[in-house]
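**Q** Encoded as structure tokens, here's the structure I'll be asking about.
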Amino acid sequence: MIFSRGGFQQTLFAAIALLAGVASAQAGSAGSTSVEPVEISARPITEFQIGRADKQFGPFEFVGGLEMTSPTRDFGALSAFRFLKAGSDFIGVADTGFWFFGTVVRDADKRPSGIQNFRMQQMVDEAGQAIDKKWEVDAEGLAVKDGIATVGFERNQRVAQFKIDPADMKAPFKQLDFLVPSRELRQNRGFETVTHANANGQHEGGLVVVSEKSLDKAGNIYAAIIEGPHKGVFTVKRNGDFDITDGAFLPDGDLLLLERSFSMARGVKMRLRRIYGESVEKGVVADGPVLLEADMGYQIDNMEGLDVWTRDDGALMVSLVSDDNHSILQRNLYLEFILHQD
């Protein structure tokens, strides 16, 4: 699906499918838990705003993107990813209960040009058996550090840790106390953001989790610092009708959040919001400015995953992926920006 004004109805149907529960289908085929090589076709995206060659969008400079397709049935539903090697090798989770790995390849101008060595593996239980119940493996958030992947799951709400082995991912070895009372987490609005704070900041690299839309009595979004010297629950101020789908800390200690909105009148929108680092504290309502907002006039879809990394020339990069919900009306996208801080 291409987002164009002429394609409004198709786009609207895609958004309706997104919120109507296309993603609630059963997880991928049970049985084999081996790593599955996946053939990916990637069409380059050279314009972020459809029909315009502009590259600058506030502090963001569009570098390029990819529209990814595959004949493999299990490909899609990409809900979170992180780079294992800056701008190249990555790990991710699909909300259908799969791990995925691959490599972004680039042209001579450092723009993304394709995906290589993509493979998937179904999540397994302690006995090594594939888990095929969606409510048990609705993986939405991901953080990586020191060879450990920390995953946030919705429905069966939990934050679990896994040893990273691209050749054979095992069951989790640990579950973490996420501090937010379980009764406050909405079944399909749990922890979409799982990220490590800055190693040299006040939280000393500890894990921070932010829910999608689990609201307190004041209408703010539940979140928590679950590791480090200042553990505790905080909230993020809800700004308009946007829900949080991922986040990562910037080098200066601020938290960059990816947000999504849908309405019958406007369709799907995405937004990037900078949360001031000093407001990520126990008992505080964290807030900050919107840096970028895009609607169906841009190359977006159901944007769910985000990572922040530094390019080899020192540029601060922000990468996004979308979740197609295994719908023929939606797309799997990879988008890449430079975030200018001056």
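When the letters of the sequence shown are read in order and numbered with mature numbering (1 follows the signal peptide of the UniProt record, and there is no 0), they come out as residues -25 to -1, 1 to 317.
By construction, the Cβ of each residue, glycine as well, lies at the ideal position given by its N, Cα and C atoms.
Using a Cβ-Cβ cutoff of less than 6 angstroms, which residues in the same chain neighbour G203 once the five nearest sequence positions on both sides are dropped?
**A** Looking up residue 203 in the sequence shown gives position 228. Counting only Cβ-Cβ distances below 6 angstroms, and skipping sequence neighbours, we find H178, E179 and G181.
**Q** With a Cβ-Cβ cutoff of 8 angstroms, do S63 and T78 count as a contact?
**A** Reading the sequence shown from its first residue, position 88 is the one you call residue 63. Reading the sequence shown from its first residue, position 103 is the one you call residue 78. Taking 8 angstroms as the Cβ cut-off, S63 and T78 qualify as a contacting pair.
**Q** Hey, V134 and F153 are a contact pair by Cβ (cut 8 angstroms); roughly how many whole angstroms apart?
**A** Here residue 134 refers to the residue found at position 159 when the sequence shown is read from its first residue. Here residue 153 refers to the residue found at position 178 when the sequence shown is read from its first residue. Right, their Cβ atoms sit about 5 angstroms apart.
**Q** Going by DSSP, what residue range makes up the beta strand (DSSP E) through P87?
**A** For the purposes of this step, residue 87 is identified with residue 112 of the sequence shown, where counting begins at 1. P87 to Q97 is the extent of the beta strand (DSSP E) around P87.
**Q** Please give the ranges of any beta strand (DSSP E) in the stretch 151 to 239, keeping only runs that are unbroken, at least 3 residues long and fully inside the region.
**A** If we require 3 residues or more, the beta strand (DSSP E) runs fully inside the stretch 151 to 239 come out as 166 to 171, 182 to 190, 196 to 200, 207 to 211, 218 to 224 and 230 to 238.
**Q** I need the boundaries of the beta strand (DSSP E) containing K145, first residue and last residue.
**A** If you number the sequence shown from 1, residue 145 lands on position 170. It is not in any beta strand (DSSP E) - K145 carries neither H nor E in the DSSP assignment.
**Q** Select from G215, S16, G72 and V80 the residue whose C-alpha is nearest the C-alpha of L117.
**A** Position 142 of the sequence shown, counted from the start, is the residue given in the question as residue 117. It is G72 whose Cα lies nearest to the Cα of L117.
**Q** Report the three-state DSSP secondary structure of P268 (helix, strand or coil).
**A** Residue mapping note: residue 268 aligns to position 293 of the sequence shown, counting from 1. Checking the sequence shown, residue 268 turns out to be Glu, not Pro. Here E268 sits in strand by DSSP.
**Q** By Cβ distance below 7 angstroms, which residues in the same chain neighbour I303 in space, the five residues on each side in sequence not counted?
**A** In the sequence shown, counting from the first residue as 1, residue 303 sits at position 328. Excluding residues within five positions, none has a Cβ falling inside 7 angstroms.
**Q** Nearest to K109 by alpha carbon, out of A102, G103, D229 and M98?
**A** Walking along the sequence shown from the start, residue 109 turns up at place 134. It is M98.
**Q** Rounded to whole angstroms, what's the CA-CA distance from F76 to F224? Just pull it up for me.
**A** One-based indexing of the sequence shown puts residue 76 at position 101. One-based indexing of the sequence shown puts residue 224 at position 249. If you take the alpha carbons of F76 and F224, they lie about 22 angstroms apart.
**Q** Counting along the chain, where does the beta strand (DSSP E) carrying residue 339 start and finish?
**A** With the chain represented from -25 up to 317, any question about residue 339 goes unanswered, as that position is not in the structure.
**Q** Can you check which of these residues, D282, G122, P147 and T21, is closest to G103 by C-alpha distance?
**A** As a first step, residue 103 must be located in the sequence shown, where it is residue number 128. Ranking D282, G122, P147 and T21 by Cα distance to G103 puts P147 first.
**Q** Considering W74, what are the terminal residues of the beta strand (DSSP E) in which it resides?
**A** Within the sequence shown, the letter at position 99 stands for residue 74. Start and end: F73 to R81.
**Q** Quick one: what's got a C-beta closer than 8 angstroms to G207's C-beta in the same chain, skipping five residues either side?
**A** Translated into positions along the sequence shown, residue 207 becomes position 232. Within the same chain, G207 has close Cβ partners L154, A199, I200, E256, K257 and G258.
**Q** Counting C-beta neighbours from all protein chains within 10 Å, is the total for V66 16 or more, i.e. buried, or is it exposed?
**A** The sequence position of residue 66 within the sequence shown is 91, counting from 1. Checking the sequence, you will find Ile at residue 66 rather than Val. Flag for I66 reads buried.
**Q** Across which residues does DSSP place residue 320 in a beta bridge pair?
**A** Examination of residue 320 is not possible in this model, given that the chain is present from -25 through 317 alone.
**Q** Taking DSSP's pairing of strands, which residues face P34 in a bridge?
**A** As a working note, residue 34 is residue 59 in the sequence shown. None; P34 has no bridge partner.
**Q** So for Q1, helix, strand or coil by DSSP?
**A** Position 26 of the sequence shown, counted from the start, is the residue given in the question as residue 1. Summary for Q1: the model assigns pLDDT 43, below 50, so the residue's position carries little reliability; its value from the coordinates is reported in the next sentence. Of the three classes helix, strand and coil, the one that applies to Q1 here is coil, per DSSP.
**Q** How would you write the range of the beta strand (DSSP E) that R241 sits in, first residue to last?
**A** Counted from its first residue, the sequence shown places residue 241 at position 266. From DSSP, R241 is part of no beta strand (DSSP E); its letter is neither H nor E.
**Q** With which residues is S294 paired in a DSSP beta bridge?
**A** As a position in the sequence shown, residue 294 is number 319, starting the count at 1. Paired residue(s): D282 and E311.
**Q** Measure how close the beta-carbons of E279 and A124 come, nearest whole angstrom, since I'm counting them as under 8 angstroms.
**A** Within the sequence shown, residue 279 is the residue found at index 304, counting from 1. Within the sequence shown, residue 124 is the residue found at index 149, counting from 1. No, E279 and A124 are not in contact; Cβ-Cβ is about 17 angstroms, not under 8 angstroms.
**Q** Can D70 and D298 be called in contact, C-beta distance under 8 angstroms?
**A** In the sequence shown, the residue the question calls residue 70 occupies position 95. In the sequence shown, the residue the question calls residue 298 occupies position 323. Taking 8 angstroms as the Cβ cut-off, D70 and D298 qualify as a contacting pair.
**Q** Looking only at its own chain, which residues have a Cβ that is under 7 angstroms from the Cβ of R306, when we skip the five neighbours before and after it?
**A** Locating residue 306 in the sequence shown gives position 331, where the first residue counts as 1. Closer than 7 angstroms at Cβ, skipping near neighbours: M(-25), E42, D276, S297 and D299.
**Q** Rounded to whole angstroms, what is the Cα-Cα separation between V265 and E101?
**A** For the purposes of this step, residue 265 is identified with residue 290 of the sequence shown, where counting begins at 1. For the purposes of this step, residue 101 is identified with residue 126 of the sequence shown, where counting begins at 1. Answer to the nearest angstrom: the Cα atoms are 42 angstroms apart.
**Q** Using DSSP bridges, identify the partner residues of V260.
**A** Locating residue 260 in the sequence shown gives position 285, where the first residue counts as 1. Looking at the DSSP assignment, V260 forms a beta bridge with T210.
**Q** Could you check if M239 is buried or exposed, using at least 16 other CB atoms within 10 Å of its CB as the buried criterion?
**A** For the purposes of this step, residue 239 is taken as the residue at position 264 of the sequence shown. Its Cβ having fewer than 16 others within 10 Å, M239 is exposed.
**Q** Terminal residues of the continuous beta strand (DSSP E) containing F58?
**A** Residue numbering aside, residue 58 sits at position 83 when the sequence shown is read from its first letter. Per DSSP, F58 belongs to the beta strand (DSSP E) from L53 to F58.
**Q** From the DSSP secondary-structure annotation, give me the bridge partner or partners of E111.
**A** Within the sequence shown, residue 111 is the residue found at index 136, counting from 1. According to DSSP, E111 bridges with nothing at all.
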